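The numbering used here applies: residue 62 is where the first sequence begins, and numbers increase by one. Where is the CB? At the ideal position from N, CA and C, for every residue including glycine. Remember, predicted model here, so these are calculated numbers, not experimental data. For reference, the structure discussed in these notes is given below.
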Amino acid sequence: MKLMVSDAKVRVRFAPSPTGQLHIGNVRTALFNWLFARQKGGTFILRIEDTDLERSEARYETQLLDDLKWLGIDWDEGPDIGGPFPPYRQSDKMGVYQAYAEKLIADNKAYYCFCTAEELERERERALAEQRQPVYSGKCRRLDSSEAHRRRAAGEPAAIRIKMPDHAIRFHDIVRGTVEFASEIVGDQIIVRSNGMPIYNYVVVIDDADMQITHVIRGDDHISNTPKQVAVYEALGLQTPEFAHLSTILGPDGQRLSKRHGATSVANFRDMGVLPEALMNYLALLGWAPSGGDREIFPKDDLIKEFSLERVTPSPAVFDMAKLYWLNRHYIKQCPPERLHELGRGFLQRAGLLPEHLDDATQAWADQLIGLLAPYVDKLDELPERAAIIFRHEPAAALANTENASAFANSKSGEVIAEFARRTAADSPLTPERFKAVMNEIKVDLGVKGKDLFHPVRIALIGAHSGPDFDRLIPIIENGSRLPLSAKVKSVRERVTDFGAALD
RNA sequence: GGCGCUAUCGUCUAGGGGUUAGGACGUGAGAUUCUCAAUCUUAAAACCCGGGUUCGAUUCCCGGUAGCGCUACCA
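This is the structure in structure tokens:
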């Protein structure tokens, strides 16, 4: 594909705060930025917004990078790899913000504000009481600059405010078109606190400008902040970037997706055994659809090829676990066996079903088991409970289970099991071929077939009348029974014997 | 309260001045299988409301309603 010259210059960024686990809404923002950059052959930048020193923690930053990598998102510039416009961590950049603020004051685009927090609060309450918009009065804007400097020099604490333009602020949003805000509704914004710490809406602009960001792609909760930021661009005499505001991701109740909805961080999904390619595919479909809208399966490379910001949906989207699971099942089936086995082993080990260290024989068996069970699960963390049919054999519980009752309503079922036990007694191990032959014999001799024949046997073996094919199941049971596992696996013979005893 | 954003099946969405309003998840039914899963077939399921423009609006415009966001010396 031919790249347009301007495409190659595309520079986008993902700028998370390291204040907790990487949230699903934020990853979606990261993903859209990344897809856009990769498609355009542009640059994807990772920047850490840690000006909120109280909530930011270094360990979250590490985790954040790991989560992004796990999903399959890489970056061209960032705190760990550097780049042409350092630093990539705001806390390393305080001097820069101060310098720009002073320039703004020198240019008469900003001014010192000596109003105290209490004064401001009173003003605000009065405005609210009078049903007026609580915007800053502009009191200190009218202060003589020499007087302001004198008070500063005398050590009086002062915040720095930017002068908002008196014209309406309008900006272009790729997702929503032109957005306009009247000038009266936003007062002169503080850009640097009286303690010297800069404010977010100011800092972002400096960073984005410094890093030559061409497209700001972020959550739509920033839409109302955008006019304040545009004002900073204007004051600095800089061209504004293109904006694209992504809609919110909601929980099933229509509320903004949050922890009380369950899994909401990348780490949660990883721990559940959702494959990264499934999560990426699903996230891409939340708020974006290909032209035609008739395709759901999008591996990474196709996403990069097909993605377009113009086709991003402006309306909020409800996160649908069921559809994620459907995609995950798809990708589990597509997964190369070696990788699936390795992931699966981890889940079985953590559940205590497999030892920490696996010898070759045990690993080979575990892989066979995983291959058997994986097609049945929505997510890999269901593997241990599915594996209960192999690791746990409880005849009493199986007999007590009402779901199994109908299989034993048939008068012949006891006989079937007895016959099965008798005829396989000498087979150790029992092979699938032998199993088939025995079942056939029973069928002929007892005149029992279909469910009446298979259900009792299956219940005797795994405690349920439904489950995997016997062809695959039998070898796994038999092989497992000869392995020195701490979670002991009973052989077919042991199972049938125990079950027969319970039945009597 | 003010300002902003949003509005197609339960959910994610396609579409667009005249369509049988398309696809997918989920749900129901059927086929297949010893059974479950998978697979295949199939069914039910939507244009928020009111005005305007128009020969004709679900689509364009306006208003309402609802949801969400912002309204800080938070990010």
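- Secondary structure note for His-391: its alpha helix (DSSP H) is the uninterrupted segment 382–395.
- It is roughly 13 Å from the alpha-carbon of Leu-114 to the alpha-carbon of Tyr-121.
- With 16 or more other Cβ atoms from the protein chains shown falling within 10 Å of its own Cβ, His-276 counts as buried.
- For Leu-401, the closest alpha carbon among the candidates Glu-179, Leu-441, Tyr-386 and Ala-229 is that of Leu-441.
- Buried is the label assigned to Gly-405, since at least 16 other Cβ atoms lie within 10 Å of its Cβ.
- For Ile-252, the enclosing beta strand (DSSP E) stretches over residues 251–253.
- Between the segment 140–160 and the segment 188–206, the count of C-beta pairs closer than 8 Å stays below three; the two stretches do not touch.
- In this structure, Met-341 and Leu-125 do not form a Cβ contact; the two beta carbons are roughly 16 Å apart against a cut-off of 8 Å.
- The Cβ neighbour count for Ile-142, taken over all protein chains shown within 10 Å, is under 16; the residue is labelled exposed.
- Between Ile-221 and Ile-246, the C-beta spacing is not below 8 Å.
- Apart from sequence neighbours up to five positions away, the residues of its chain that approach Leu-311 with a beta-carbon distance below 8 Å are Arg-317, Leu-318, Pro-377, Ala-378, Val-379 and Phe-380, ordered along the chain.
- Taking C-alpha positions only, Arg-356 is separated from Ala-345 by approximately 12 Å.
- For Arg-72, the enclosing beta strand (DSSP E) begins and ends at 72–75.
- Tyr-386 sits close to Asp-439, with the two beta carbons spaced by under 8 Å.
- Between the beta-carbon of Phe-496 and that of Ile-535 there is about 5 Å, and that keeps the pair under the 8 Å contact cut.
- Per the coordinates, the alpha-carbon of Asn-87 lies some 11 Å from the alpha-carbon of Asp-281.
- Between the C-alpha atoms of Ile-537 and Phe-105 there is a straight-line separation of about 48 Å.
- When the beta-carbon positions are compared, Arg-543 and Thr-485 stay at least 8 Å from each other.
- The Cβ atoms of Leu-564 and Ile-478 lie closer than 8 Å to each other.
- The straight-line gap separating the alpha-carbon atoms of Ala-427 and Tyr-437 is approximately 16 Å.
- Here Glu-480 is buried: its Cβ has 16 or more other Cβ atoms, across all protein chains shown, within 10 Å.
- Val-265 counts as buried, since no fewer than 16 other beta carbons sit within 10 angstroms of its beta carbon.
- When the five nearest sequence neighbours on each side are left out, the beta carbons in the same chain lying within less than 8 Å of the beta carbon of Thr-90 are those of Phe-75, Ile-278, Arg-279, Gly-280 and Leu-307, in order along the chain.
- Collapsing the DSSP output to three states places Ile-109 in a strand.
- In the DSSP assignment, the residues bridged to Phe-232 are Val-240.
- Two segments are said to touch when three or more pairs of C-beta atoms, one from each, lie closer than 8 Å; by this definition the segment 508–515 does not touch the segment 447–462.
- Proximity to Ala-243 across Ala-215, Ala-162, Phe-232 and Val-236 peaks at Phe-232, based on C-alpha coordinates.
- Going by DSSP, Val-277 is part of the beta strand (DSSP E) stretching over 276–280.
- It is roughly 19 Å from the alpha-carbon of Leu-388 to the alpha-carbon of Leu-96.
- Taking all protein chains in view, the Cβ of Leu-189 is surrounded by fewer than 16 other Cβ atoms within 10 Å, so the residue is classified as exposed.
- Annotation for Ala-305: Ile-235, Val-236, Ile-278 and Leu-370 place their beta carbon closer than 6 Å to its own, counting only its chain and skipping 5 residues before and after.
- Residue range 303–307 is occupied by the beta strand (DSSP E) that includes Glu-303, with no alpha helix (DSSP H) assigned at that position.
- Take the alpha-carbon of Ala-468 and the one of Val-518: they are about 10 Å apart.
- Boundaries of the beta strand (DSSP E) harbouring Tyr-173: 171–174, taken from the DSSP string.
- Ala-383 and Glu-295 have their C-alpha atoms some 46 Å from each other.
- In the structure shown, Glu-191 adopts coil according to DSSP, grouped into three states.
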